[in-house]
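Residue numbers (my numbering): 21 to 281. Worksheet for the structure shown next.
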């Protein structure tokens, strides 16, 4: 076997390049999950995992072309060939990949539920509301199912709070509820995907908004049988805005009928 140079990593050595990337990705994912499980906030865990994964990547690239790194690589390759064999090695990789892909959503949901439960117990309102919003946004973005009773508790707390951070968190709860309860759409009615819609001064019936940004400033609006699917809301914090949010949260399957003056 010839000695390797770092330039080979970006040229002919596809196996070495992808091995280094795969190890770095796995280390990043595992460290992130462990950090969140041990009580770190989502943002802190992501930052720590990214830094750790970057360091692992740097170290692997640093030793790639050195004599010590080449010797270690040969020893590992020889051990795998003698102890496992090609077929067993491939089988082990497939099993590990399946386990990681299957268990990650479960672990992620468990971590987020624990983080939401912890956030709801924080005594300081602003800190509690901001952490609640972070968890709900993360769950919405990655389509992670949270425990319904925890989400309901969060909504009730946010409804009663007069803290400035409560309203953005309330809208995060609205986005999560609409995203997690989006109906399977049947035929019929008007349908529109991807865009921005201002609801003020509109009169709509039987309309479906999918993957939309919905903006409502609190003006007159009449909606009958309007469906929201995977939308994001920007709603003003005023009397009509609160009535609108409450109506969406209490609607069935994201279908809303409401009249506000």
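Even for Gly, the Cβ is constructed at its ideal location relative to N, Cα and C.
Got a sec, what are the start and stop residues for the alpha helix (DSSP H) residue i sits in?
i, result
"residue 164", "Per DSSP, residue 164 belongs to no alpha helix (DSSP H) and is neither H nor E."
"residue 233", "Not the alpha helix (DSSP H): residue 233 falls in the beta strand (DSSP E), residues 227 to 236."
"residue 243", "Element bounds for residue 243: not the alpha helix (DSSP H) but the beta strand (DSSP E), 241 to 249."
"residue 263", "259 to 270"
"residue 289", "Here the chain covers residues 21 to 281 and nothing more, so residue 289 does not appear."
Out of the options, which has the shortest C-alpha to C-alpha gap to residue i?
i, options, result
"residue 238", "74, 279 and 232", "279"
"residue 149", "258, 189 and 200", "189"
"residue 216", "175, 144 and 248", "248"
"residue 131", "40, 166 and 146", "166"
"residue 144", "257, 49, 170 and 185", "185"
"residue 6", "141, 39 and 49", "Lying before the first or after the last residue shown, residue 6 is absent from the chain, which here runs from 21 to 281."
"residue 38", "69, 81 and 67", "81"
"residue 163", "52, 134 and 129", "129"
"residue 187", "256, 45, 69 and 72", "256"
"residue 181", "240, 40 and 262", "262"
"residue 40", "73, 138, 134 and 241", "73"
"residue 265", "242, 214, 191 and 240", "191"
"residue 240", "213, 281 and 258", "281"
Starting from residue i, trace the beta strand (DSSP E) in both directions and tell me its first and last residue.
i, result
"residue 277", "275 to 280"
"residue 255", "252 to 255"
Does the distance between the C-beta of residue i and the nearest non-hydrogen atom of the ligand NAD fall short of 7 Å?
i, result
"residue 254", "With respect to small molecules bound, the structure shown includes none, and the ligand NAD cannot be examined in it."
Determine the contact status of residue i and residue j, defining contact as a CB-CB distance below 8 Å.
i, j, result
"residue 47", "residue 76", "yes"
"residue 152", "residue 183", "no"
"residue 271", "residue 244", "no"
"residue 193", "residue 136", "no"
"residue 246", "residue 269", "no"
"residue 222", "residue 235", "no"
"residue 51", "residue 69", "yes"
"residue 133", "residue 172", "no"
Original post:
With a cut-off of 8 Å, do at least 3 Cβ pairs link the region 217 to 237 to the region 150 to 165?
Top reply: Short answer: they don't touch.
Original post:
Do the region 248 to 258 and the region 183 to 201 meet, that is, are 3 or more Cβ pairs less than 8 Å apart?
Top reply: Between the region 248 to 258 and the region 183 to 201 there are three or more C-beta pairs closer than 8 Å, enough to call the two in contact.
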